[in-house]
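Chemist: Please find one structure pasted underneath; my questions will follow.
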Amino acid sequence: FRRKVGFLLLLLLLLLLLPLPPLKTILKRPTTHSTSLISKSLIKLSDDVLVMYHLKSRERGEEYIAVCEEEEGLEKLLLNRETTSLEDVNVLTDLRQLHKSVLLETCKVRFSKDTIHTWVDRSILLILNPFKPLPSTYTPSVMSTIKTSVLSSLHSSKNISKTTPPHVFSISTTAFYACLNTSKNQSILISGESGSGKTVSTSLCLDNLIYLSSPPALNASSLTSRIKSVTKVLESYGNCRTVRNDNSSRFGKLICLSYAEGTITRSKIETYLLEKIRVLGGREEERNFNVFYEWCEYNKRDAGGYRILQ
66 FRRKVGFLLL LLLLLLLLPL PPLKTILKRP TTHSTSLISK SLIKLSDDVL VMYHLKSRER
126 GEEYIAVCEE EEGLEKLLLN RETTSLEDVN VLTDLRQLHK SVLLETCKVR FSKDTIHTWV
186 DRSILLILNP FKPLPSTYTP SVMSTIKTSV LSSLHSSKNI SKTTPPHVFS ISTTAFYACL
246 NTSKNQSILI SGESGSGKTV STSLCLDNLI YLSSPPALNA SSLTSRIKSV TKVLESYGNC
306 RTVRNDNSSR FGKLICLSYA EGTITRSKIE TYLLEKIRVL GGREEERNFN VFYEWCEYNK
366 RDAGGYRILQ
């Protein structure tokens, strides 16, 4: 018994003294395309420390950056990269490995190709703010194409995310026909951080819903202009410039559209959670609500040095 205990203690001591395999050894594990490490650095984010790897695929010859929390995340990322073209992944749940590092890398690769829409699942869409105009992404022809695709999916009872390209129009079109076919209320929730593009996405959803209204009513353009005019007024009284967004909404809004036989009959906008404290003061690098500066511009006064209007 003593010999066995002594042998186990000796084995445990040897395991503790043996060095762990270096990262380069882990990266050289057999994959479809071997990957080599170029450099590694640490990134400090709040209370988290991430590792940024500069990698190179030997056979493909491409270099890319991977950010992971640990080596396990890096291995899963490499496994997905070697077996899947990440820019072709329209649905994140279709990835072979569901890990935060893999999800972030997939979004980054698609973003670099100006593909800012990605399905998370059949009813959840992830949109990245491109911080630049993408005029060809939101044209009437795109609306028409997505409408045809959604109708085809509904008739064949197929999963929308499998047959319809990820797009903000896909979400609004699906909600429209679900409301029309089931006679049940539908809702679209648009959320995100400041500057993520919520206001623009809301406007695009409204444009598409009005486009889908049948017949193409004569008052559609008038209704669109009225909704957008009201939105501009709300933005004046509820938006301001912050350190992250030059036109940040400091309130929430609920927009209700009523339909009768597929045609919009009325709309209603409710506002809530207005950041009223901003009227009394704010950070030095931020401004008050837009309406104060618009008043000053109207009166031909320079409001550049004002934070709180006296």
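The sequence shown begins at 66 in our numbering and counts up one residue at a time.
Note that the Cβ used here is the ideal one computed from N, Cα and C, for glycine as well.
Quick caveat: nothing in here was measured; it's all calculated off a predicted structure.
What separation, rounded to the nearest whole angstrom, lies between the Cα atoms of Gly262 and Lys178?
Modeler: 18 Å
Chemist: Taking the continuous beta strand (DSSP E) assigned at Leu190, which residues delimit it?
Modeler: That run of the beta strand (DSSP E) goes Ile189 to Ile192.
Chemist: Determine which residues share a DSSP beta bridge with Ile334 and list them.
Modeler: Ile320
Chemist: Mind checking whether Phe241 and Val207 have CB atoms under 8 Å apart?
Modeler: no
Chemist: Please state whether DSSP places Thr307 in a helix, a strand or coil.
Modeler: coil
Chemist: So, under 8 Å CB-CB, Asn355 and Asn304 are touching, yes? Tell me the CB distance rounded to an integer number of Å.
Modeler: Confirmed, about 5 Å.
Chemist: Taking the beta carbon of Pro198 as the centre, do at least 16 other beta carbons fall within 10 Å, making it buried, or is it exposed?
Modeler: exposed
Chemist: Quick one: what does DSSP say Ala282 is sitting in, helix, strand or coil?
Modeler: With a pLDDT of 48 at Ala282, under the threshold of 50, the predicted position of this residue should be treated as unreliable, and no value is reported.
Chemist: Go ahead and label Ser218 buried or exposed: buried means 16 or more other beta carbons lie within 10 angstroms of its beta carbon, across all protein chains shown.
Modeler: buried
Chemist: From the DSSP secondary-structure annotation, give me the bridge partner or partners of Ile329.
Modeler: Tyr324
Chemist: Indicate the three-state DSSP secondary structure (helix, strand or coil) for Phe196 in the structure shown.
Modeler: coil
Chemist: For His220, which of helix, strand or coil comes out of DSSP?
Modeler: helix
Chemist: What's the gap between the Cα of Thr264 and the Cα of Tyr276?
Modeler: 19 Å
Chemist: By the 10 Å Cβ neighbour count, where 16 or more other Cβ atoms means buried, how is Phe196 classified, buried or exposed?
Modeler: exposed
Chemist: Here's the rule: buried if 16 or more other CB atoms are within 10 angstroms of the residue's CB, otherwise exposed. What is Leu163?
Modeler: By the 10 Å Cβ count, Leu163 comes out exposed.
Chemist: Where does Thr183 fall in DSSP's three states?
Modeler: strand
Chemist: What does a CB cutoff of less than 7 Å around Phe176 pick up in its chain, not counting 5 residues either side in sequence?
Modeler: Leu193
Chemist: Would you say Phe357 and Glu340 are within 8 Å of each other, going by their C-beta atoms?
Modeler: no
Chemist: Measure the alpha-carbon distance for Lys293 versus Arg161 and round it to whole angstroms.
Modeler: Each residue's alpha carbon lies about 43 Å from the other.
Chemist: Return the residue from the list Ser237, Ile334, Tyr203 and Arg348 that minimises the CA-CA distance to Thr307.
Modeler: Cα-wise, what sits closest to Thr307 is Arg348.
Chemist: Starting from the C-beta of Leu191, find all residues in its chain whose C-beta is less than 6 Å away, skip the five residues before and the five after it, and write them out in chain order.
Modeler: Counting only Cβ-Cβ distances below 6 Å, and skipping sequence neighbours, we find Thr183 and Val185.
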